[in-house]
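Trainee: Okay, handing you the structure first.
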Amino acid sequence: HNKSRRDKPWDDENIDHWEVDHWDEENGDKLTGGSLLEESSFATLFPKYREKYLREVWPVVTRALDKLRIGCELNLVEGSMTVRTTRRTSDPYVILKARDLIKLLARSIPVAQALKVLNDEVHCDIIKIGGLVRNKDRFVKRRQRLIGPDGATLKALELLTGCYVLVQGNTVSAMGTHKGIKEARRVVLDCMANVHPVYNIKRLMIQRELAKDPKLANEDWSRFLPQFKKKNVKRRKPHQTVREQSKPAAPPLQSGDGAGAGGGQGKKKKKSYTPFPPAQAPSKVDLQLDSGEYFLSERERKARKIEEKRVRSKERSQKRREERESEYEAPPPASAAGSEGGGSERTARSGGGADK
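As numbered in my numbering, the sequence shown has no gaps in its residue numbers, which increase by one up to the final residue, 403.
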């Protein structure tokens with residue numbers, strides 16, 4: 048805090064700054080001039096699958112907003128809901144509550160639950176989780192992890208935070224107090240960041256028990272809260288590495304000479320130590336200076352590259368043509384070679400007999 052800051056009249060420990068003052072016209076709460084100066088309106092779109100449900104419950108929404116003197120409109124052509132102030136609207140903040148109402152209805156909250164947001168003690172937050180995980184399958188698994196088996200994890204989160212939580216598509220809607228919504232948002236974002244909700248639920252349970260003890264009200268609770276460390280799970284080896292390890296090793300050579308020869312081939316020759324660093328590799332400019340290409344104009348340089356490319360292409364074409372033509376060449380006459388070999392063999396045999 049600033050040392051030069053003066054005390055204000057509201058700097059009192061007995062004042063609850065989180066308390067919301069109710070708008071009561073009977074106790075003298077009224078607008079200056081009797082009505083709002085300008086009309087305020089908010090609109091939100093809803094998905095196609097909510098159209099049938101909204102058409103059925105819209106009379107209930109209209110009656111609830113008429114009591115607060117707020118006008119509402121359901122546009123089925125554009126797929127939107129609109130709320131606006133009227134000349135009879137007296138509470139200037141109720142239009143923001145009506146805006147939250149149509150947002151919750153668009154995110155699949157039942158109308159009986161969504162109408163509770165019109166109360167001053169109930170607030171809402173819509174947490175967007177669609178862009179937090181890049182992989183689609185991983186996102187679905189973490190979202191299901193937040194719900195838990197048969198919704199058990201979500202139910203535990205609702206009991207500990209005192210909020211109504213609904214997971215729908217790429218959003219998580221939460222309704223409750225400011226403190227509960229803040230805790231619910233933290234659990235949801237941690238779950239999308241690969242932190243299991245069980246850890247945060249355990250921390251909330253400990254905090255709930257500590258809050259019952261008045262002696263620990265003004266103390267630090269960090270020494271009571273569990274500190275979870277991330278374990279390094281052994282990752283699976285790639286299939287190529289597994290196949291190489293599963294191959295049988297080559298049998299060792301039996302003879303001493305062969306083993307010595309094989310050992311000599313496997314060992315690398317030790318390089319002689321030189322105190323001087325290796326010579327610097329020539330740069331692209333040095334190579335161009337050596338070949339004389341550096342002094343050519345850009346046009347001549349381009350023409351030379353095209354010519355070299357044409358020569359290489361011509362050589363490759365000639366080589367392919369020769370390979371194709373070699374397939375049609377006649378093989379050497381095997382019969383003639385066999386007869387010549389047989390005649391020489393017979394001559395050798397006859398010569399051997401004459402010597403005998």
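Cβ coordinates follow ideal geometry from the N, Cα and C atoms, glycine included. In this text the structure is predicted, and so the values were computed from the model without any measurement.
For residue 193 and residue 235, which I take to be in contact (beta-carbon distance under 8 Å), what is that distance rounded to the nearest angstrom?
Mentor: Sequence index remark: in the sequence shown, residue 193 carries index 146 (1-based). Sequence index remark: in the sequence shown, residue 235 carries index 188 (1-based). Residue 193 to residue 235, Cβ: 6 Å. Contact.
Trainee: Examine the Cβ distances between the segment 166-180 and the segment 212-226 and report whether three or more of them are shorter than 8 Å.
Mentor: yes
Trainee: Quick one, are the C-beta atoms of residue 115 and residue 78 less than 8 Å apart?
Mentor: Walking along the sequence shown from the start, residue 115 turns up at place 68. Walking along the sequence shown from the start, residue 78 turns up at place 31. Result no, Cβ atoms of residue 115 and residue 78 do not sit closer than 8 Å.
Trainee: In chain order, which alpha helix (DSSP H) runs of at least 4 residues are fully inside the segment 189-221?
Mentor: 199-208
Trainee: With DSSP run on the structure shown, which of helix, strand or coil describes residue 324?
Mentor: Numbered from its first residue, the sequence shown carries residue 324 at position 277. The answer is coil: DSSP assigns residue 324 none of H, G, I, E or B.
Trainee: According to the neighbour-count rule (16 or more other Cβ atoms, all chains shown, within 10 Å of its Cβ), is residue 252 buried or exposed?
Mentor: Against the sequence shown, residue 252 aligns to sequence position 205. Exposed, because fewer than 16 other Cβ atoms sit within 10 Å of the Cβ of residue 252.
Trainee: Give the straight-line distance between the Cα atoms of residue 62 and residue 54, rounded to the nearest whole angstrom.
Mentor: Indexing the sequence shown from 1 puts residue 62 at position 15. Indexing the sequence shown from 1 puts residue 54 at position 7. Roughly 14 Å between the two C-alpha positions.
Trainee: Given this structure, state the Cα-to-Cα distance separating residue 108 from residue 130, to the nearest angstrom.
Mentor: Within the sequence shown, the letter at position 61 stands for residue 108. Within the sequence shown, the letter at position 83 stands for residue 130. Their backbone Cα atoms lie some 11 Å apart in a straight line.
Trainee: Here's the rule I'm using: 16 or more other beta-carbon atoms within 10 Å means buried, otherwise exposed. How should residue 230 be labelled?
Mentor: For this step, residue 230 is matched to residue 183 along the sequence shown. That one is buried.
Trainee: Let me know if residue 275 comes out buried or exposed under the rule of 16 or more other beta-carbons within 10 Å of its beta-carbon.
Mentor: As a first step, residue 275 must be located in the sequence shown, where it is residue number 228. By the 10 Å Cβ count, residue 275 comes out exposed.
Trainee: By DSSP's criteria, residue 171 is part of a beta bridge. Which residues make up the other side?
Mentor: By 1-based counting over the sequence shown, the position of residue 171 is 124. Answer by DSSP bridge pairing, in chain order: 222.
Trainee: Ends of the beta strand (DSSP E) at residue 117?
Mentor: Here residue 117 is taken as the residue at index 70 of the sequence shown, counted from 1. Where residue 117 is concerned, the enclosing beta strand (DSSP E) stretches over 117-122.
Trainee: With H, G and I counted as helix, E and B as strand and the rest as coil, what does DSSP make of residue 109?
Mentor: Here residue 109 refers to the residue found at position 62 of the sequence shown. Correct three-state label for residue 109: helix.
Trainee: Closer than 8 Å by C-beta to residue 348: which residues in its own chain qualify, once you throw out the five before and the five after it? Chain order, please.
Mentor: If you number the sequence shown from 1, residue 348 lands on position 301. Around residue 348: 340.
Trainee: Below 8 Å CB to CB, which residues in the same chain sit around residue 189 once its five sequence neighbours on both sides are set aside?
Mentor: Within the sequence shown, residue 189 is the residue found at index 142, counting from 1. Contacts found: 180, 238, 239 and 241.
Trainee: Taking all protein chains shown into account, decide if residue 93 is buried (16 or more other Cβ within 10 angstroms of its Cβ) or exposed.
Mentor: Position 46 of the sequence shown, counted from the start, is the residue given in the question as residue 93. Buried is the call here.
Trainee: Whose CA, out of 228, 337, 150 and 136, lies closest to the CA of residue 90?
Mentor: On the sequence shown, residue 90 is found 43 positions in, with the first residue counted as 1. Ranking the options by Cα distance to residue 90, first place goes to 150.
Trainee: Taking the alpha carbon of residue 254 as the reference point, which residue from 226, 57 and 278 has its own alpha carbon closest?
Mentor: Here residue 254 corresponds to residue number 207 of the sequence shown, with the count starting at 1. The shortest C-alpha separation from residue 254 is found at 226.
Trainee: To the nearest angstrom, how far is the alpha carbon of residue 379 from that of residue 371?
Mentor: Residue mapping note: residue 379 aligns to position 332 of the sequence shown, counting from 1. Residue mapping note: residue 371 aligns to position 324 of the sequence shown, counting from 1. Cα to Cα, residue 379 sits roughly 18 Å from residue 371.
Trainee: Going by DSSP, what residue range makes up the beta strand (DSSP E) through residue 92?
Mentor: Your numbering for residue 92 matches position 45 in the sequence shown. Per DSSP, residue 92 belongs to the beta strand (DSSP E) from 88-92.
Trainee: What does the Cβ neighbour count give for residue 145, buried or exposed, with the cut at 16 atoms within 10 Å?
Mentor: On the sequence shown, position 98 is the one that residue 145 refers to. Buried is the call here.
Trainee: Have a look at 163, 268, 127 and 80 and flag the residue whose alpha-carbon is nearest the alpha-carbon of residue 135.
Mentor: Numbered from its first residue, the sequence shown carries residue 135 at position 88. Taking only the C-alpha atoms, the option nearest residue 135 is 80.
Trainee: Give me the residue from 96, 86, 137 and 105 with the minimum Cα distance to residue 73.
Mentor: Numbered from 1 along the sequence shown, position 26 holds the residue referred to as residue 73. Nearest of 96, 86, 137 and 105 to residue 73, Cα basis: 137.
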